[in-house]
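Trainee: Okay, here's the structure, questions in a sec.
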Amino acid sequence: MRAPGTDRDAAAVWEITIPSRPGRLPGVSMAGFRARTPDPVDLGVVPYPAVTVALDLGDGLLVADEANGRQESGSSVVGLAPGGVRGRGRGIECLQIRLSPVVAHAVLGTSAGWGGSVVSLDDLWGRDAARVRERLRAARSWDERFALAEAELGRRCEAGRAVDAEVAYVWGRTVAARGAVRVEELADEAGWSRKRLWSRFRTQIGLGPKRAARLVRFDHAVHRLAAGHGAARVAAETGYADQSHLHREVTAFAEATPTAVAEAPWLAVDDLAWASPAYLTAARPISPGGRPRRR
Numbered sequence: 001m002r003a004p005g006t007d008r009d010a011a012a013v014w015e016i017t018i019p020s021r022p023g024r025l026p027g028v029s030m031a032g033f034r035a036r037t038p039d040p041v042d043l044g045v046v047p048y049p050a051v052t053v054a055l056d057l058g059d060g061l062l063v064a065d066e067a068n069g070r071q072e073s074g075s076s077v078v079g080l081a082p083g084g085v086r087g088r089g090r091g092i093e094c095l096q097i098r099l100s101p102v103v104a105h106a107v108l109g110t111s112a113g114w115g116g117s118v119v120s121l122d123d124l125w126g127r128d129a130a131r132v133r134e135r136l137r138a139a140r141s142w143d144e145r146f147a148l149a150e151a152e153l154g155r156r157c158e159a160g161r162a163v164d165a166e167v168a169y170v171w172g173r174t175v176a177a178r179g180a181v182r183v184e185e186l187a188d189e190a191g192w193s194r195k196r197l198w199s200r201f202r203t204q205i206g207l208g209p210k211r212a213a214r215l216v217r218f219d220h221a222v223h224r225l226a227a228g229h230g231a232a233r234v235a236a237e238t239g240y241a242d243q244s245h246l247h248r249e250v251t252a253f254a255e256a257t258p259t260a261v262a263e264a265p266w267l268a269v270d271d272l273a274w275a276s277p278a279y280l281t282a283a284r285p286i287s288p289g290g291r292p293r294r295r
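What follows is the structure, given as structure tokens:
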């Protein structure tokens, strides 16, 4: 989140804690954030191919969707490809969870398919949201917090409704190819018509399959930019027609130029907090007839 000094100083603003052991739930990544400074924080969110849950463990987190004027204080959920979303506050402490949209469908319900909206976790989980927050606040360590959160997510994942196997397959293929896919071919592989895939995928993932592929490719490109690679090289190596195409796509998703996105504080902490991307969920293989293959 934005702090005094340059955007790349943002990583130094946060005390970031990651789980000491690998998680047991595929498609789930967690990290703990505690502000090192009492100064106000204001962070523009860079779109990411996962649904983000921010569990507020302090008293100062505000998530604002400037595109529609909506603001949520406390624990919030940010859908895929958010535009104009910012995190603000002072003395922030929170547990952030990134969920593959395949997992988010079961954990959060079909409302996970906002495609970028911000909603309160209380609206999705009711009284359970407050119960989970209180247990997390009372925990004696971050590892205990991670274990509690994982147990809650696992319970909800088991009780929730899974996405169609064909939808999970198309998402997994899209991620594996870093967005360089032809959706019509994926529909054929899954044994579905293009129309059916578009409808089910949008309902269960939150975006149409073509926009989802663009988001995955965008994420790969902006992390290359943040690593210091030039825009022309990134465009050529990530499947864009040319540098102008990359510029248009980055501006469309992030509302900023490639140069500005490369310096975004949200990306500055990614290597520290999210070494294992949440959206890399294994897809279930699909037979030509559209049914999951037996392993």
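The sequence shown begins at 1 in UniProt numbering and counts up one residue at a time. Using N, Cα and C, we set each Cβ at its ideal position, and we do this for glycine too.
Expressed to the nearest angstrom, what Euclidean distance is found between the alpha-carbon atoms of residue 96 and residue 55?
Mentor: Computed Cα separation, rounded: 6 Å.
Trainee: Measure the alpha-carbon distance for residue 250 versus residue 45 and round it to whole angstroms.
Mentor: Residue 250 and residue 45: Cα-Cα distance of roughly 13 Å.
Trainee: Could you give the DSSP three-state label for residue 242: helix, strand or coil?
Mentor: Correct three-state label for residue 242: coil.
Trainee: Rounding to the nearest angstrom, what Cα-Cα distance links residue 18 and residue 74 in this structure?
Mentor: Rounded to whole angstroms, residue 18 to residue 74 spans 21 Å at the Cα level.
Trainee: Give the DSSP bridge partners of residue 318, in chain order.
Mentor: No information on residue 318 is available, as it lies outside the stretch 1 to 295 that the chain covers here.
Trainee: By a C-beta neighbour count over all protein chains shown, 10 Å radius and 16 as the cutoff for buried, is residue 49 buried or exposed?
Mentor: With 16 or more other Cβ atoms within 10 Å, it is buried.
Trainee: What is the C-beta distance between residue 38 and residue 87, in whole angstroms, given that I count them as a contact (C-beta under 8 Å)?
Mentor: Between residue 87 and residue 38 the Cβ distance is about 16 Å, and since that is not below 8 Å, they are no contact.
Trainee: Cβ of residue 231 within 8 Å of Cβ of residue 265?
Mentor: Their beta carbons are not under 8 Å apart, which means residue 231 does not touch residue 265 by this criterion.
Trainee: Considering only residues of the same chain and omitting the five flanking positions on each side of residue 25, which have a CB-CB separation below 8 Å?
Mentor: 103, 150, 153, 154, 157.
Trainee: Return the chain-ordered ranges of every alpha helix (DSSP H) run that is complete within the UniProt domain "HTH araC/xylS-type" (164-264) and spans a minimum of 4 residues.
Mentor: If we require 4 residues or more, the alpha helix (DSSP H) runs fully inside the UniProt domain "HTH araC/xylS-type" (164-264) come out as 165-176, 183-190, 194-205, 209-226, 231-237, 243-254, 258-262.
Trainee: Might you give, ordered along the chain, the residues of its own chain that have their beta carbon closer than 7 Å to the beta carbon of residue 243, omitting 5 neighbours on each side?
Mentor: So the qualifying residues of the chain are 231, 232, 235.
Trainee: Evaluate the contact criterion for the segment 175-184 versus the segment 137-151: three or more CB pairs, one atom per stretch, below 8 Å.
Mentor: Because the criterion of three Cβ pairs below 8 Å is not met, the segment 175-184 and the segment 137-151 do not touch.
Trainee: Assess contact between the segment 209-229 and the segment 178-198, defined as three or more Cβ pairs (one per stretch) separated by less than 8 Å. Is contact present?
Mentor: Taking 8 Å as the limit for Cβ pairs, the verdict is that the segment 178-198 does touch the segment 209-229.
Trainee: I believe residue 89 touches residue 61 by the beta-carbon criterion, under 8 Å. Please report the beta-carbon distance rounded to the nearest angstrom.
Mentor: Contact holds; Cβ gap of about 5 Å.
Trainee: Which same chain residues, not among the five before or five after residue 283, have their C-beta less than 7 Å away from its C-beta?
Mentor: With a pLDDT of 49 at residue 283, under the threshold of 50, the modelled position of this residue cannot be trusted; read the value that follows with caution. Correct list, in chain order: 168, 169, 171, 172, 173.
Trainee: In whole angstroms, what separates the C-alpha of residue 120 from that of residue 76?
Mentor: Each residue's alpha carbon lies about 4 Å from the other.
Trainee: Identify every residue that forms a DSSP beta bridge with residue 72.
Mentor: Answer by DSSP bridge pairing, in chain order: 63.
Trainee: Quick one: what does DSSP say residue 154 is sitting in, helix, strand or coil?
Mentor: Looking at residue 154 - three-state DSSP - the assignment turns out to be helix.
Trainee: Which of helix, strand or coil does DSSP assign to residue 270?
Mentor: Helix at residue 270.
Trainee: Do the CB positions of residue 166 and residue 192 come within less than 8 Å of each other?
Mentor: Yes, the pair counts as a contact, with Cβ atoms nearer than the cut-off.
Trainee: Under three-state DSSP, which class holds residue 297?
Mentor: Because the chain spans 1 through 295 in this model, residue 297 falls outside it and cannot be assessed.
Trainee: So what does DSSP say about residue 77, is it helix, strand or coil?
Mentor: If DSSP states are grouped into helix, strand and coil, residue 77 belongs with the strands.
Trainee: Measure the alpha-carbon distance for residue 42 versus residue 188 and round it to whole angstroms.
Mentor: Using only the alpha carbons, I get a separation of about 45 Å.
Trainee: Report the CB separation of residue 205 from residue 101 in whole angstroms; it is logged as a contact under 8 Å.
Mentor: Confirmed, Cβ separation roughly 5 Å.
Trainee: Where residue 261 and residue 222 are concerned, what is the direct C-alpha to C-alpha distance, given to the nearest angstrom?
Mentor: If I take the Cα positions, the gap works out to 7 Å.
Trainee: Which residue wins for smallest C-alpha separation from residue 107, given the options 35, 93, 70, 53?
Mentor: Nearest C-alpha to residue 107: 53.
Trainee: May I ask you to report which of helix, strand or coil DSSP gives residue 88?
Mentor: Strand.
Trainee: Going by beta carbon distance, what residues of the same chain come within less than 6 Å of residue 253, once the five residues before and after it are set aside?
Mentor: Result list for residue 253: 47, 218, in chain order.
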